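Worksheet: one structure, shown below.
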Amino acid sequence: MYIIIVGGGNVGYYLSKYLLSEGHEVLVLEKDAVNCARFEDDLGSICVRGDGCEVSTLAEAGTSRADVFIAITNEDDDNLVACQIAKFKFNVPRTIARVNDPKNEDIFQKLGVDSTISVSGLIFQTIEENLPAHPLVHLLTHAASGVEIIEIKLHDRSKAVTKSVKQLKLPAGFALMLVIREGQNPQVIGEETAFKSDDRIIAIAPTGKENELRDLLIGNHESD
Amino acid sequence: MNVVIMGCGRVGAHLAAMLDQDGMKVTVLDKDAYSFRRLPSDFGGTALVGDGTDADMLKKAGIEQADIFIALTQGDNRNVMAAQIAGKIFNVPRVVCRIYDPLRKDVYESLGIEAISPTTVFAELLRERLSEKTKG
Chain A
1 MYIIIVGGGN VGYYLSKYLL SEGHEVLVLE KDAVNCARFE DDLGSICVRG
51 DGCEVSTLAE AGTSRADVFI AITNEDDDNL VACQIAKFKF NVPRTIARVN
101 DPKNEDIFQK LGVDSTISVS GLIFQTIEEN LPAHPLVHLL THAASGVEII
151 EIKLHDRSKA VTKSVKQLKL PAGFALMLVI REGQNPQVIG EETAFKSDDR
201 IIAIAPTGKE NELRDLLIGN HESD
Chain B
1001 MNVVIMGCGR VGAHLAAMLD QDGMKVTVLD KDAYSFRRLP SDFGGTALVG
1051 DGTDADMLKK AGIEQADIFI ALTQGDNRNV MAAQIAGKIF NVPRVVCRIY
1101 DPLRKDVYES LGIEAISPTT VFAELLRERL SEKTKG
């Protein structure tokens, strides 16, 4: 695949190194001469000095034959414009933008960017996963279907303890898939599965409704 | 008429003062409070410090009630981004945006964004002037 990357900072550098090793054709557009030199020295002539938001630069870079276009600078406005020009002027089938302000994720998608990567969102998620006492962990967001996969840990006062899935009467859109217990293999949850304290449940919830699920299984979050 | 202007540079401040004189309800946004010095002392509108590419900031500036949004910062990309948030997310009926780069302006015009390129306008103006002088 021919992949164009706008932004030759650290992320751009390691991303292009990886994509090259996977056998892709990679071109990096970077404004800063020092950053460009690093590519030239380590990875060969894959970096062009220029503004990835400029139509003429993108035309020279052969954007119209690119399969994937990735904008990963530190500036959200630059990433948006680069992706929009790639998509609407050069018809690149897949555009991906880094989003520095998490609010912009939704906005970028409404404005035509195919996928977004929220840096602060990723950092937040990783920290969340590493907080031992945190009862709710996001495992995966499936943006296309509006669904989140979440891990929830029950404690002895959680509402779901001693109850079965049937008794919990989950609203539509929510589903409990797996229960993980210390020292056991994960079990698929059925109608009759009853929960215990310290169970870890892998569940599905509609995006943005994770707190509802937490209230149903654990109870009021103030009581944690 | 409620107008939100992003960018209080020379053009932004001048336009804000004119529309204020015309009796419109004007809000000017700029990242730097110092740029509000350009507004006349009798300016009757609102000056707000903030980033117009931030959707929350636009809400504070009253974008939801705005009839007109104009993006006039120095950055083409910032203008284009703010203009699209105003027009496509907040449905402001009239959005105008400055884009210095004529090629970028053409792309965004084809996407339905009303854009003015001062580069093209001024170059054409100069050419006209020069041809007048040469004729006369």
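Line by line, the protein sequences give chains A and B.
For the first sequence, position 94 (counting from the first letter as 1) is numbered 94 according to this note's numbering, and the numbering increases by one without interruption.
The number in this note's numbering is simply the position in the second sequence, starting from 1, with 1000 added.
Just so it is clear, CB atoms sit at the ideal spot from N, CA and C, and this is done for glycine as well.
This one's a predicted model, so the numbers in the text were calculated from it and none came from an experiment.
Tell me the DSSP secondary structure of residue i in three-state form.
i, result
"Ser1143 (chain B)", "Limits of chain B in this structure are 1001 at one end and 1136 at the other, which puts residue 1143 (chain B) out of reach."
"Thr126 (chain A)", "helix"
"Leu1072 (chain B)", "coil"
"Glu151 (chain A)", "strand"
"Tyr2 (chain A)", "strand"
"Asp224 (chain A)", "Bear in mind that the predicted position of Asp224 (chain A) carries a pLDDT of just 42, short of 50, making it unreliable; the figure below should be weighed with that in mind. Asp224 (chain A): coil per DSSP, three-state reduction."
"Gln184 (chain A)", "coil"
"Cys1008 (chain B)", "coil"
"Thr95 (chain A)", "strand"
"Ser145 (chain A)", "helix"
"Ser1110 (chain B)", "helix"
"Asp1042 (chain B)", "coil"
"Asp215 (chain A)", "helix"
Are the C-beta of residue i and some C-beta of chain A separated by less than 8 angstroms?
i, result
"Asp1101 (chain B)", "yes"
"Ile1063 (chain B)", "no"
"Ile1085 (chain B)", "yes"
"Gly1075 (chain B)", "yes"
"Arg1010 (chain B)", "no"
"Arg1104 (chain B)", "yes"
"Val1107 (chain B)", "yes"
"Lys1031 (chain B)", "no"
"Val1092 (chain B)", "no"
Following the continuous beta strand (DSSP E) through residue i, name the residue where it begins and the one where it ends.
i, result
"Phe69 (chain A)", "68-71"
"Val26 (chain A)", "25-30"
"Lys1025 (chain B)", "1025-1030"
"Leu1048 (chain B)", "1046-1049"
"Arg49 (chain A)", "47-49"
I need the boundaries of the alpha helix (DSSP H) containing residue i, first residue and last residue.
i, result
"Val55 (chain A)", "55-60"
"Leu140 (chain A)", "That residue, Leu140 (chain A), is in no alpha helix (DSSP H); its beta strand (DSSP E) goes 136-142."
"Ser86 (chain A)", "Residue identity check: residue 86 (chain A) is Ala in the sequence provided, not Ser. Taken as a continuous stretch (DSSP letters only), Ala86 (chain A) belongs to no alpha helix (DSSP H), as it is neither H nor E."
"Lys1059 (chain B)", "1055-1060"
Pop quiz: residue i and residue j are said to be a contact at Cβ under 8 angstroms. What is the actual Cβ separation, rounded to whole angstroms?
i, j, result
"Leu280 (chain A)", "Leu217 (chain A)", "Nothing about residue 280 (chain A) can be reported from this structure: the residues present for chain A run from 1 to 224 only."
"Ala97 (chain A)", "Val119 (chain A)", "Wrong, their Cβ atoms sit about 11 angstroms apart, outside the cutoff."
"Lys103 (chain A)", "Thr95 (chain A)", "So it is not a contact: roughly 19 angstroms between Cβ atoms."
Quick one: what's residue i bridged to in DSSP?
i, result
"Ala175 (chain A)", "A:Ile204"
"Met1001 (chain B)", "Partner(s): none; Met1001 (chain B) has no beta bridge."
"Val113 (chain A)", "Paired residue(s): none; Val113 (chain A) is not in a bridge."
"Arg1098 (chain B)", "B:Ile1116"
"Ala194 (chain A)", "A:Ser164"
"Ser118 (chain A)", "A:Val99"
So with Cβ pairs under 8 angstroms, would you call residue i a contact of chain B?
i, result
"Glu54 (chain A)", "yes"
"Val113 (chain A)", "no"
"Asp77 (chain A)", "yes"
"Leu131 (chain A)", "no"
"Lys103 (chain A)", "yes"
"Val6 (chain A)", "no"
"Leu80 (chain A)", "yes"
"Phe88 (chain A)", "yes"
"Lys110 (chain A)", "yes"
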